[in-house]
Amino acid sequence: MITRRQALQGGGLLATSLFLAACGSGARPGLRAPGQSAGHNDINPMPRARVRDGGELRWTLDAIPDNFNRIQFDGTNGETKEVMDALLPRDHFDLPDGTFALDTNYFTSAKITSTAPQVVTYTINPKATWSDSKPITWQDLASQWRARNGSNPAFLTPGSTGYAEIASITRGADDRQATLTYGKPFAEWQGTFNPLYPVSTTSDPAIYNTGWINKIPTTAGPFTVESIDLSAKTITLRRNEKWWGERAKLDRIVFKVYERSALADALANNEIDFYEIASSVDLLRRAQTVPGVAVRQATGRPYNHITFNGAAGAILADVRLRRAIAKGIDRAAIATRLIGQIVPGATSLGNHIYPYGAKYYQDNSKAVAFDQAAANRELDELGWVRPTPGAVRTKNGQPLKLRFIGTAGNPISDAISKTTLDQLGQTGVQLEIDAVSSARLFVDFINVGNFDLVGFVWESTSTPFSSSREIYAESKGNAVGQNYGRIFSPQITALFEQGLAELDDDKRAAIGNQADQLIWQEVHHLPLYPSTGAYAVRATLANFGAPGFADIDYI
Numbered sequence: 002m003i004t005r006r007q008a009l010q011g012g013g014l015l016a017t018s019l020f021l022a023a024c025g026s027g028a029r030p031g032l033r034a035p036g037q038s039a040g041h042n043d044i045n046p047m048p049r050a051r052v053r054d055g056g057e058l059r060w061t062l063d064a065i066p067d068n069f070n071r072i073q074f075d076g077t078n079g080e081t082k083e084v085m086d087a088l089l090p091r092d093h094f095d096l097p098d099g100t101f102a103l104d105t106n107y108f109t110s111a112k113i114t115s116t117a118p119q120v121v122t123y124t125i126n127p128k129a130t131w132s133d134s135k136p137i138t139w140q141d142l143a144s145q146w147r148a149r150n151g152s153n154p155a156f157l158t159p160g161s162t163g164y165a166e167i168a169s170i171t172r173g174a175d176d177r178q179a180t181l182t183y184g185k186p187f188a189e190w191q192g193t194f195n196p197l198y199p200v201s202t203t204s205d206p207a208i209y210n211t212g213w214i215n216k217i218p219t220t221a222g223p224f225t226v227e228s229i230d231l232s233a234k235t236i237t238l239r240r241n242e243k244w245w246g247e248r249a250k251l252d253r254i255v256f257k258v259y260e261r262s263a264l265a266d267a268l269a270n271n272e273i274d275f276y277e278i279a280s281s282v283d284l285l286r287r288a289q290t291v292p293g294v295a296v297r298q299a300t301g302r303p304y305n306h307i308t309f310n311g312a313a314g315a316i317l318a319d320v321r322l323r324r325a326i327a328k329g330i331d332r333a334a335i336a337t338r339l340i341g342q343i344v345p346g347a348t349s350l351g352n353h354i355y356p357y358g359a360k361y362y363q364d365n366s367k368a369v370a371f372d373q374a375a376a377n378r379e380l381d382e383l384g385w386v387r388p389t390p391g392a393v394r395t396k397n398g399q400p401l402k403l404r405f406i407g408t409a410g411n412p413i414s415d416a417i418s419k420t421t422l423d424q425l426g427q428t429g430v431q432l433e434i435d436a437v438s439s440a441r442l443f444v445d446f447i448n449v450g451n452f453d454l455v456g457f458v459w460e461s462t463s464t465p466f467s468s469s470r471e472i473y474a475e476s477k478g479n480a481v482g483q484n485y486g487r488i489f490s491p492q493i494t495a496l497f498e499q500g501l502a503e504l505d506d507d508k509r510a511a512i513g514n515q516a517d518q519l520i521w522q523e524v525h526h527l528p529l530y531p532s533t534g535a536y537a538v539r540a541t542l543a544n545f546g547a548p549g550f551a552d553i554d555y556i
């Protein structure tokens with residue numbers, strides 16, 4: 002897959018309970034059409050009592066995380082979440098049907114206790130303790146709020162949504178209770194502390210920004226850190242024997258970086274226990290030939306896309322040019338090429354906020370529907386003309402040349418970028434493909450705006466409105482939060498503000514889809530197609546596989 006970036010504020014990545022078992026299911030001959038598997042997961046469910054204790058789960062990563070602080074600007078990638086969800090507190094976790102539930106390992110209660118003003122009271126599990134033996138208290142919540150509410154720019158956060166709306170956090174009945182008073186209504190408050198970091202991190206900008214690079218100083222989860230080996234590109238977690246909750250079944254989880262091209266051989270050679278098939282025809286076909294491997298599928302939240310760089314001074318700063326370029330990209334053809342061989346009825350994605358198959362999903366992409374004739378006409382009107390038939394368009398002697406940043410060694414990224422090159426070439430747009438390592442993609446290119454077009458994977462959460470907001474928030478220099486395209490519309494921001502204050506789910510979703518229509522018109526980024534939601538899993542794994550819309554419970 003293309004490198005995955007998680008959309009904050011809330012959480013959302015893989016699936017539910019994680020146990021090793023002695024039996025499993027066989028491989029399926031193919032995959033289901035998009036949306037048919039929405040609302041559930043495919044994990045070979047088994048009662049906990051029937052699952053044996055011990056064992057090691059071998060888990061692949063695309064890269065070692067840039068920063069293990071998930072609430073820091075460089076820490077929002079999917080790999081970081083996969084590791085840190087086994088190690089840190091969270092207030093709520095996502096369920097297969099797209100809703101969420103309170104994580105009672107950390108909080109015995111979290112509820113609105115007043116509506117005028119809105120007050121949310123969190124009661125912390127009295128057993129919840131950090132690895133340095135300090136109790137988790139209201140001060141941890143208050144400190145994270147102060148770090149992330151935007152009041153101190155020294156904290157390099159991915160955004161302030163869910164925190165800027167809070168007027169105060171005070172001590173409740175005792176140190177194990179926090180009272181959050183909001184300055185204005187905030188509908189999607191669940192997930193504000195997903196994850197929660199200790200006050201020792203969030204009270205100091207230096208530790209917040211750099212103290213979690215290449216190390217994990219504090220934990221509070223069912224697992225703890227055994228080792229981080231940067232040379233071997235391996236992270237090993239072991240069961241936390243001081244964990245106060247239900248004892249984890251696994252002895253260890255070993256995360257190791259593998260090239261996508263090596264995954265099938267690694268699974269066949271018993272080096273790993275699963276891999277994500279994503280858009281790869283080869284990975285699906287190989288999985289179906291490996292004895293003892295099951296293919297599990299459930300529609301999830303990730304989607305492949307192309308981000309446009311609309312920063313001031315960039316060639317794509319003109320929204321009219323972005324629209325013309327977008328109309329020259331056939332997203333349906335890309336979906337067919339990438340997943341059409343393995344997914345019947347492969348479709349392009351029509352929404353930036355709600356995942357395919359979700360309750361409030363609707364296709365709002367009409368504004369930039371593929372229309373090569375319109376793309377050619379609009380480029381002509383903008384002064385980008387072809388000096389001769391078939392030539393690259395020019396304007397004032399400058400060629401219409403765009404730089405597409407892809408991920409080296411990634412066949413999916415390669416196929417998307419080359420298909421886009423072919424399609425845009427037909428409208429006289431020259432595309433230069435620059436494939437870079439996954440480890441450098443964000444730090445050296447995306448974060449600093451060193452691209453015209455770039456592809457990676459976005460992933461939403463069960464609080465999609467609040468987790469999407471920062472992607473479209475106003476950026477200031479390189480303080481972009483998650484708005485890597487540097488494209489800003491005050492109208493879109495106003496709709497997000499309106500929606501986040503709307504407590505009625507249906508009314509909020511209507512506002513969300515109105516915002517999405519404007520996002521398509523702005524051509525902030527171009528969703529391509531939803532993930533297949535398919536995984537190749539060792540058939541002896543129970544309660545694990547294709548997560549759908551759910552989070553992992555590592556216990």
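Just so we're aligned: the sequence shown equals residues 2 to 556 in my numbering.
We put the beta carbon where it would ideally sit given N, CA and C, even for glycine.
- At a Cβ-Cβ threshold of 9 Å, residue 309 and residue 326 count as neighbours.
- Just so you know, the alpha carbons of residue 377 and residue 434 end up roughly 22 Å apart.
- Distance from the Cα of residue 50 is smallest, within the candidate group 544, 112, 553, for 544.
- Under the DSSP assignment, residue 412 falls in the alpha helix (DSSP H) whose first and last residues are 412-426.
- Residue 373 and residue 428 have their C-alpha atoms roughly 7 Å apart.
- When the five nearest sequence neighbours on each side are left out, the beta carbons in the same chain lying within less than 6 Å of the beta carbon of residue 109 are those of 124, 126, in order along the chain.
- Annotation for residue 190: 121 place their beta carbon closer than 6 Å to its own, counting only its chain and skipping 5 residues before and after.
- By the beta-carbon neighbour count (other beta carbons within 10 angstroms, threshold 16), residue 430 is buried.
- Between the beta-carbon of residue 458 and that of residue 352 there is about 15 Å, and that puts the pair past the 8 Å contact cut.
- Rounded to whole angstroms, the gap between the alpha carbons of residue 64 and residue 258 is 6 Å.
- Going by beta carbons, residue 269 and residue 535 fall outside the 9 Å limit.
- A contact between stretches requires three or more CB pairs, one per stretch, nearer than 8 Å, and the region 480-490 fails this requirement with the region 285-302.
- Short of 7 Å from the beta carbon of residue 87, and not among the five residues preceding or following it, lie these beta carbons of its own chain, in chain order: 222, 223, 224, 238, 254, 555.
- With 16 or more other Cβ atoms inside 10 Å of its own Cβ, residue 129 counts as buried.
- Bridge pairing for residue 93: 103 [DSSP].
- Residue pairing by DSSP places residue 277 opposite 536 in a beta bridge.
- Excluding sequence positions up to five before and after residue 217, its CB lies within less than 6 Å of the CB of 69, 226, all in the same chain and listed in chain order.
- With distances taken between CA atoms, residue 390 lies nearest to 426 out of 440, 483, 426.
- Residue environment: residue 39 is assigned as buried (16 or more neighbouring CB atoms within 10 Å of its CB, all protein chains considered).
- Straight-line measurement puts the Cα of residue 162 at about 7 Å from the Cα of residue 470.
- Here residue 360 is exposed, its C-beta having fewer than 16 other C-beta atoms within 10 Å.
- Counting of Cβ neighbours within 10 angstroms places residue 399 among the exposed residues, the total staying below 16.
- The distance from the Cβ of residue 463 to that of residue 303 is about 14 Å, inconsistent with a contact at the 8 Å cut-off.
- With respect to the 9 Å criterion, residue 192 and residue 202 are not classified as neighbours on the basis of their beta carbons.
- In the DSSP secondary-structure assignment, residue 183 is bridged to 167.
- One thing to note: residue 75 has its Cβ within 9 Å of the Cβ of residue 443.
- The C-alpha of residue 58 is placed about 16 Å away from the C-alpha of residue 45.
- Ranked by how close their Cα comes to the Cα of residue 60, the residues 67, 80, 41, 48 have 80 in first place.
- When secondary structure is reduced to three states using DSSP, residue 290 falls in the coil class, being assigned neither helix nor strand.
- Bounds of the alpha helix (DSSP H) holding residue 322 are 320-328.
- Judged by beta-carbon spacing, residue 527 lies within the 9 Å limit of residue 332, meaning their Cβ atoms are closer than that value.
- Boundaries of the alpha helix (DSSP H) around residue 507: 506-523.
- According to the DSSP assignment, residue 114 belongs to the beta strand (DSSP E) that extends over 108-116.
- Looking at the DSSP output, residue 140 shares a beta bridge with no other residue.
- A Cβ-Cβ separation of about 18 Å leaves residue 172 out of contact with residue 131 under the 8 Å criterion.
- Ranking 155, 194, 249, 178 by CA distance to the CA of residue 206 puts 155 first.
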